[in-house]
Amino acid sequence: MIETRELRRDFGGIKALAGVTLKVAEGERRAIIGPNGAGKTTLFNVLTGELEPTAGEVRLAGEDVTGRRPHELARRGVARMYQRNELFDPLPARDNVAIGVAAAAGPYRPFRTPPASELAAADELLERVGLAGRGSVAARALSHGERRQLELAVALARRPRVLLLDEPTAGMSPAETSRITDLISSLDQSLTLVIVEHDMDVVFRLAERITVLHEGRVIAEGTPAQVRGDTLVNEVYLGKVVA
Amino acid sequence: MKRFVAPVALSLAAALLVGFPIWSAPWESSRYATGILRDMLILGILALSLDLLVGSAGMPSLGHAAYFGAGAYAAAIAGQRLGSDDLLLGLGAAILVSAFLALVIGSVAVRAAGIFFLMLTLAFAQMVFAIAFQAADITGGSNGFSGVRRPMLFGLDFNGPDALFHLVAVVFLLVLLLAWRLRSSAYGRALVGLRENERRMRALGYDTTRLKLSAFVVAGAIAGVGGALQAYSIRFVSTNDVGVARSVEAFVSVLIGGASTLVGPVIGAIVVLFIERVMPSYIAFAETVLGLVFIVFVLAARQGIVGLVRASYARVRA
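So the protein lines, in turn, are chains E and Y.
Count along the first sequence from 1, add 439, and you get the number used in the numbering used here.
Count along the second sequence from 1, add 1465, and you get the number used in the numbering used here.
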């Protein structure tokens, strides 16, 4: 569904991505792990078109989409749950999602009130992420956990084919972590998920396959069991966390 | 029953506004008041169009007079060169020219944001001002363009001051209606999304550059309509109409009245012209008052007059 070939991205002299090749199949749930500075967020920024790669290729459903702008990739079905929520803070939760739902029809409808179906779809999504009844609360007035849930709803609003989840449980309490993990795990099986996450319990619960990044390179890839048993991975990453 | 109250009240208010010169005729200062109110409505149109950028989309343009002036010159010059008094021709020329100008300038300006956008719009407006000043053959340059012909429409003659006031008031109401409609539309909501989080808008598939450019062009076209009405009103166009002072006047109107509050910019325009035009007859240093009022609002009431009213209303109800 989404793949990269020899993807490179330099920042001055720093090679944030030093030749990343990976292939995520349709409907797969892939986790990308690695220490801070491994290039995970840079990889996401390239996959969403927010950064242009220095070299290499990005393919989406077989199509070369390298260097496409963010809105073009979004229209082709790439969505992202940002690590730091990207919400419309003063607007009610329902409008946050409705703007996402309305994106497909486009903004050039100057004389008509948004159709009720858009608001209904937004309410449905809010219910899906556990925010039923919270639609009229401003995004900024929600709790941290609720804001993460709303961020997920907004990311889902355009019915993406590929969803990039950037540390979905960042800053959450154990209870909130468990709730959002259940939520992600219950998403439609046909949706391709790529998850960057530091919490290894979450990673092992969600991922079918794991890619390990280190200093901008893929140093291991495989099923959770394979990755857990990999000595190199234990040395550079897991060893420090699991111990 | 209740559902009819608001539309009836609004229609009544609209009729009162359009008919102002008629029912105020017995007043000694009716003519003078009509002239001031007319100018307030014209500045109101300019402020409403600017609020589409500043308030809705979060694009602080400090060069909005460029489109106002372009509309004024376009209506005046089209009338003169084509020897026609047709209102539709004049307004059409104003809309076309100001929208085209906004398209050209906007194509560059919308690529910047925040203070850089503000500086770019100001710089481009200064260029337009310089052109208006230099191209004396067409614009009259520093002497201005005098003898603007007042328009006709379907045999209606807007030559008299009262008739012209009716025209300005009707166009103002149409612009207000348009602004209201835009606000509650999918388009208006997308502009608010742009203001609140452009990154998220892009990630949702909105082409934000195009969206900003569209708002810039629409706002420019509406400002052009205001400019045309101004040219008809005073039968004169000067480089002041494209100058930075006019841009600031509109910007201050939006901020004092309350950005993104629909009627705020209109209230702001009324306050600004009241201070500039009426108060000097009663007190000295009236211009300074405007500066002080502006400072107070920037420091203490970012939501403007409408924001203050809403806040105190909420306090009373609570």
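Cβ coordinates follow ideal geometry from the N, Cα and C atoms, glycine included.
*Please state whether DSSP places S612(E) in a helix, a strand or coil.*
coil
_Below 8 Å on C-beta distance, what does F527(E) contact in chain Y?_
V1657, G1658, E1661, N1662 and R1665
_Contact under 8 Å by Cβ, G1534(Y) with V1707(Y)_ = yes
_8 Å Cβ cutoff, S1650(Y) in contact with chain E_ = yes
*Could you pull out every residue in the same chain whose Cβ sits closer than 7 Å to the Cβ of A1766(Y), ignoring the five residues on either side in sequence?*
G1772 and L1773
*T670(E), DSSP secondary structure in three states*: helix
*asked:* Does R469(E) come out as helix, strand or coil in the three-state DSSP assignment?
replied: strand
*Through-space distance from S1495(Y) to F1485(Y), alpha-carbon basis*: 9 Å
*asked:* Within a Cβ cutoff of 6 Å, which residues of the same chain sit near L1647(Y), ignoring the five residues on either side of it in sequence?
replied: G1653
*Taking C-beta pairs closer than 7 Å, name the residues in chain Y that F550(E) reaches, listed in chain order.*
R1646 and S1650
*If you count every other CB in all the chains shown that lies within 10 Å of the CB of A1743(Y), and 16 or more means buried, which is it?*
Inspection of the sequence shows that residue 1743(Y) is occupied by Val rather than by Ala. Exposed is the call here.
*Kindly indicate the opening and closing residues of the alpha helix (DSSP H) around A518(E).*
First-last for A518(E): V517 to M520, but that is the beta strand (DSSP E), not the alpha helix (DSSP H).
*Quick one, are the C-beta atoms of G1692(Y) and A1537(Y) less than 8 Å apart?*
yes
_Identity of the residue in V1761(Y), L1764(Y), A1474(Y) and I1507(Y) nearest H1631(Y) by Cα_ = I1507(Y)
_According to DSSP, is D627(E) part of a helix, a strand, or is it coil?_
coil
_Beta-carbon proximity of A1634(Y) to V1483(Y), cut-off 8 Å_ = yes
*Leaving out the 5 sequence neighbours to the left and right, which residues in its chain are closer than 6 Å to S1703(Y) when beta-carbon positions are compared?*
G1609
_First through last residue of the beta strand (DSSP E) which encompasses T460(E)_ = I453 to V463
*Any Cβ of chain Y within less than 8 Å of the Cβ of R598(E)?*
no
*Are the beta-carbon atoms of R387(E) and A592(E) separated by less than 8 Å?*
Residue 387(E) lies beyond the residue range present for chain E, which begins at 440 and ends at 682; the question has no answer from this structure.
*asked:* Let me see if you follow: with CB-CB separation under 8 Å, is A1668(Y) close to chain E or not?
replied: yes
_Cβ-Cβ distance between V641(E) and T616(E) below 8 Å_ = yes
*asked:* Here's a check: name, in chain order, each residue in its chain whose Cβ is nearer than 6 Å to the Cβ of V681(E), leaving out the five neighbours to either side.
replied: Per-residue confidence for V681(E) stands at a pLDDT of 47, beneath the threshold of 50, marking its modelled position as unreliable; the derived number appears in the next sentence. Excluding residues within five positions, none has a Cβ falling inside 6 Å.
*Can you give the Cα-Cα distance for V1587(Y) and S1526(Y), rounded to whole angstroms?*
The question names Val, but residue 1587(Y) in the sequence shown is Leu. Straight-line Cα distance between these residues: approximately 7 Å.
*asked:* Going by DSSP, what residue range makes up the alpha helix (DSSP H) through T650(E)?
replied: From DSSP, T650(E) is part of no alpha helix (DSSP H) but of the beta strand (DSSP E) over R648 to H653.
*asked:* Nearest by alpha-carbon distance to L622(E): which of K479(E), A464(E) and G569(E) is it?
replied: G569(E)
*Which residues in the same chain have their Cβ closer than 6 Å to the Cβ of V672(E), if we skip the five residues on either side of it in sequence?*
V651, A659 and V666
_Through-space distance from R1782(Y) to L1566(Y), alpha-carbon basis_ = 47 Å
*Tell me whether L1513(Y) counts as near the ligand ZN, meaning its Cβ is closer than 7 Å to at least one heavy atom of that ligand.*
As far as ligands go, the structure on display features none, and thus does not contain the ligand ZN.
*For D534(E), which residues in chain Y fall below 9 Å Cβ to Cβ?*
R1654, V1657 and G1658
*Between the C-alpha atoms of D503(E) and E636(E), what's the straight-line distance to the nearest angstrom?*
27 Å
*Would the region 1652-1672 of chain Y and the region 1543-1560 of chain Y be scored as touching if the rule is three or more Cβ pairs under 8 Å?*
no
*According to DSSP, which residues form a beta bridge with G661(E)?*
I649(E)
*Which residues in chain E sit within 9 Å of L1515(Y), going by Cβ to Cβ distance?*
Chain E residues near L1515(Y): none, gap ~18 Å exceeds 9 Å.
*Whole angstroms is fine: what's the gap from E511(E)'s alpha carbon to E585(E)'s?*
29 Å
*Please look up how many angstroms separate the CB atoms of L446(E) and G495(E), rounded, as I've assumed it's under 8 Å.*
4 Å
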